[in-house]
Amino acid sequence: MRKIGTITLLVALIFSVATISNAQDIMKLFGNISSEVKAKYAPDSRDKTYDIRLLNQNGKLVLIGSTTEPEAKTALIEKLKEAGIAPEDKITLLPDAALEGRTYGVVSMSVASFNSDPSFSAESGTQALAGMPVTVLEKSSYWYRCINMEGYTAWVITTSVSRMNKEEYDAYLSMPKCIVTVPYSFIYSKPSENSLPVSDLVLGCVVVNDEITVNNPLYEEYIQKEYSVNFKDGYNLSPNRRDLKKAAGWTRVHLTDGRAGYVKSSHLEDFSKWVSKAAPTQENIVATAEKFLGWPYVWGGTSIKGIDCSGLSKTCYFLNGYVLRRDASQQVKTGDAVNIDEWLKGNYTRDALKNLRPGDLLFFGRRATANSKERITHVAIYIGDGKIIHSSNVVRKNTLLPNEDNYYSGAVNLLHARRIIGNADCDKGILSVKSIMTK
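Numbering (the numbering used here), first residue to last: 1188 to 1626.
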């Protein structure tokens, strides 16, 4: 005969109008089991989604929420069953089937903010620029939970993303596009700075180039259906339907949410040409970082509008053709390690940094102790001669060497150095823009 233990007794009690204290006990038990499952299958919420809760709905236990990990769902239900808990399963596996396959997305705002929760008051996690792809996992009210192209999962307002199916997304990838190469620009309603603005643009935004667009019926159908834009009325300036006059010095473009207008041609570069030659060198990583000097530190920022420390390293490499992980604690696991052992021994000299090259990423934080794990809290770009450029209050340059002007006091907390250049698309945690944003 089966032996009924304390846990099973608690479950029985909760199903028969349990006392408040017993309800609290069973929720605590669920919390412990759920935490164990999450730690095994989805330890980092930036990479994998595990957002599952247990509710008592009119005396009935129900599992709600969502996860990207089927194994986590299975393990949770099995462990709860072993503990004598058998709730109704209402967990959504992501991507949500309710999206009906329209799980491909493209950012349509110049800079879209991604938050930790579906709320404007939630912590900002990251940003994405116009033209960047995302995977849409689920919808909650006016928010999408998305995975952006560097693998970071967060919530973005629905109006910032154009959602597509696979065929529509492939059609978008085949469209000729331009990338913005100046800090700030605008799409204007007419080829004149005196006309009304349609949208702002920032360095790195990608827009569809209507001046050389070839007919793509599938993509045209998508735009017309989603945004009530009629290409036949002159929206699409394809070669066989050019019914608007070209204006010298301006390029007709559109965003994936259907907004269209004109951008100064000198602010743009053909995306296919740019991506074919984009590759970081020591010189151009430093030169790109210097474009951000003086820009303010903004938590979660990855754009010219405001940028944090890992956002600076990520964006500088993106603008040179590489896609890095979002946060410093993720970036430190990518690329190749560079030997800084002498520095770690307390030899704070130029010679201790001799193995570093411009463009290497330097990671700072708290060393591991017997009671705590190592914690990475900051990242900087090495620019040579013992100097760094990083976002700390503002984007600025400092030296790591004591007794030199403009010394960075956090230099003693340097823990790791990683080489990024030359390590894209070779299973070292770094991808090329070309591998993600071209067909």
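A virtual CB, placed ideally from N, CA and C, is assigned to each residue, including glycine.
Because the structure is a prediction, the values reported are computed rather than measured.
What's the call for residue i, buried or exposed, on a 16-neighbour Cβ count within 10 Å?
i	result
Lys1460	exposed
Gln1518	buried
Val1294	buried
Gly1318	buried
Val1599	exposed
Tyr1371	exposed
Leu1263	buried
Pro1378	buried
Cys1541	Strictly speaking, residue 1541 in this sequence is Lys, with Cys absent from that position. Exposed: under 16 other Cβ atoms inside 10 Å.
Pro1230	exposed
Return the Cβ separation of residue i and residue j in integer angstroms, given the expectation that the two are a contact with Cβ distance under 8 Å.
i	j	result
Pro1320	Met1624	7 Å
Ser1652	Glu1325	The structure shown does not extend to residue 1652, since the chain is modelled only from 1188 to 1626, so the question has no answer here.
Val1620	Val1510	6 Å
Val1450	Leu1388	7 Å
Tyr1291	Asn1335	Wrong, their Cβ atoms sit about 13 Å apart, outside the cutoff.
Arg1513	Thr1313	5 Å
Select from the options the residue whose C-alpha is nearest the C-alpha of residue i.
i	options	result
Asn1526	Glu1355, Gln1517, Asp1231, Asp1538	Asp1538
Leu1548	Ala1567, Val1298, Leu1540, Ile1563	Ala1567
Phe1505	Ala1309, Val1367, Asn1352, Leu1540	Val1367
Arg1289	Tyr1356, Asn1580, Ser1559	Tyr1356
Asn1302	Leu1250, Pro1370, Ser1232	Ser1232
Asn1260	Glu1269, Ala1270, Asp1276, Gly1246	Looking at the sequence provided, one finds Lys at residue 1260 rather than Asn. Among Glu1269, Ala1270, Asp1276, Gly1246, the Cα nearest to that of Lys1260 is on Asp1276.
Ile1220	Gln1211, Gly1246, Leu1267	Leu1267
Gly1481	Gly1493, Ala1474, Asn1471, Val1473	Gly1493
Asn1590	Arg1606, Gly1573, His1577	Gly1573
Asn1534	Ala1524, Leu1588, Arg1554	Leu1588
Ala1156	Cys1503, Ser1490, Asp1457, Gly1488	Since the first and last residues shown for the chain are 1188 and 1626, residue 1156 lies out of range.
Which value, in whole angstroms, describes the spacing of the CA atoms of residue i and residue j?
i	j	result
Ser1297	Cys1333	17 Å
Ile1239	Tyr1228	13 Å
Gly1609	Leu1316	24 Å
Leu1383	Ser1376	6 Å
Gly1522	Ala1447	39 Å
Arg1439	Thr1586	45 Å
Tyr1307	Trp1342	Here the sequence assigns Phe to residue 1307, which means Tyr is not the residue at that position. Cα to Cα, Phe1307 sits roughly 10 Å from Trp1342.
Val1393	Leu1442	8 Å
Ile1617	Lys1464	17 Å
Glu1408	Ser1347	20 Å
Leu1601	Asn1593	17 Å
Lys1520	Thr1345	32 Å
Thr1468	Ala1476	12 Å
Ser1361	Asn1396	11 Å
Leu1242	Ile1278	12 Å
Asn1209	Asp1304	30 Å
Phe1458	Ala1299	20 Å
Check: Where are the alpha helix (DSSP H) runs, 4 residues long or more, that stay fully inside the stretch 1333-1411, in chain order?
Finding: 1353-1361
Next item on the list: Please go through the stretch 1486-1519 and give each complete alpha helix (DSSP H) segment of 4 or more residues, from N-terminal end onward.
Entry: 1496-1505, 1515-1518
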